[in-house]
Each structure stands twice: as C-alpha cells, then as structure tokens.
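According to my numbering, the stretch in the sequence shown is residues 3 to 136, in order.
Just so you know, even glycine gets a beta-carbon here, dropped at the ideal spot from N, CA and C.
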Amino acid sequence: MPMVVFAGLVVGLVFQPASFGFARPEMEEIAVEMLREDGPNTRRDLSLGGLDISLVHRETDGRVYSYSAYWFVGSTVCGWVHSPSAEPIGSGARRFEKLSADWYSFVFTAASGAGGSTSVSTLSPTLRYAAYLL
C-alpha cells in the first residue's frame, strides 16, 4: 500500500495540471508586449504554461483579455484579464476576481432572449469580438 501512495505522489508531482500560476509568466510577457504595440492586437490558439488559450485580445481600455479554450460554452466565456491601470468593474453578466497584482479571472455571461437564445447585441464589446473571432 505505501508503494501505491508513493507512486501516486510521484505521478501527481510530475504531471501537474495546467493552472494560471504556471501560465502567468508567459501570459504576462504577451500582455506587456501587446500593450506596447500600436493599434488593435489579437493572437489566437496559444498554449501558455499548459493552458490552451483560444484568443488574446488587447482592448482600447488598456486591458488584455485571454480567453480559455475550454470555457467558451454557449453564452458563457471565461478567462483572465491583465489590467495594469485599474481594477475591472463587474456587473451582473460580467464577474471579475483578483488573482494577483494586475491579474483577474473573469466570467462573462450574455443575457438570453426569448426561447433561451442569446443575441449577439446583448454581449459586451469584448465578448462580441470574441464570439465573432471564435
């Protein structure tokens, strides 16, 4: 039995699941680089620290949004935002949680219309852009 526990610990240490903590250095590098560049800036289909990112987009508000490839489901999208100038303000459909320094996780959920359908016009500009590109 002790050998099984030891083997489980070794496997757990070697094959750690991807997390924001592992991806943060690469995400930070890309966010800072994107903020330095002029004009609209978008990158697609990245793997950063083991996280699959479908879209990274710099907004005009000085924030860089990274959308998780695994959490764009129906009318909900999740990811991380680098916001060095100000803490993002959430609303009913937009929730932010501080992770560290200038980083926040986010969940955006679009309002459903009649029959449960989601209208693109009800989405925030960031989510509309992501829906368009994805």
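Practice item. Can you tell me which of 92, 71 and 57 puts its alpha carbon nearest to the alpha carbon of residue 36? Key: 57
Practice item. Over the uninterrupted beta strand (DSSP E) stretch that includes residue 55, give me the two end residues. Key: 53-60
Review point. If you follow the alpha helix (DSSP H) that residue 31 is part of, which residue opens it and which one closes it?
Key: 22-38
Practice item. Could you tell me if residue 72 is buried or exposed, where buried requires 16 or more neighbouring beta carbons within 10 angstroms of its beta carbon? Key: Counting C-beta atoms within 10 angstroms of its own C-beta, residue 72 has fewer than 16 neighbours from the protein chains shown and is therefore classed as exposed.
Exercise for review: Pick out whichever of 28, 62, 49 and 107 has its Cα sitting closest to the Cα of residue 39.
Suggested key: 62
Practice item. Return the CA-CA distance between residue 22 and residue 107, expressed in angstroms with no decimal places. Key: 9 angstroms
Practice item. Please state if the CB of residue 109 and the CB of residue 83 are separated by a distance shorter than 8 angstroms. Key: no
Point to revise | Whole-Å CB distance - residue 105 paired with residue 26, under 8 angstroms assumed | key: 7 angstroms
Review point. From residue 111 to residue 80, what distance separates their C-alpha atoms?
Key: 9 angstroms
Review point. Would you say the beta carbon of residue 21 comes nearer than 7 angstroms to a heavy atom of the ligand SAH?
Key: No copy of the ligand SAH appears in this structure; indeed no ligand is present at all.
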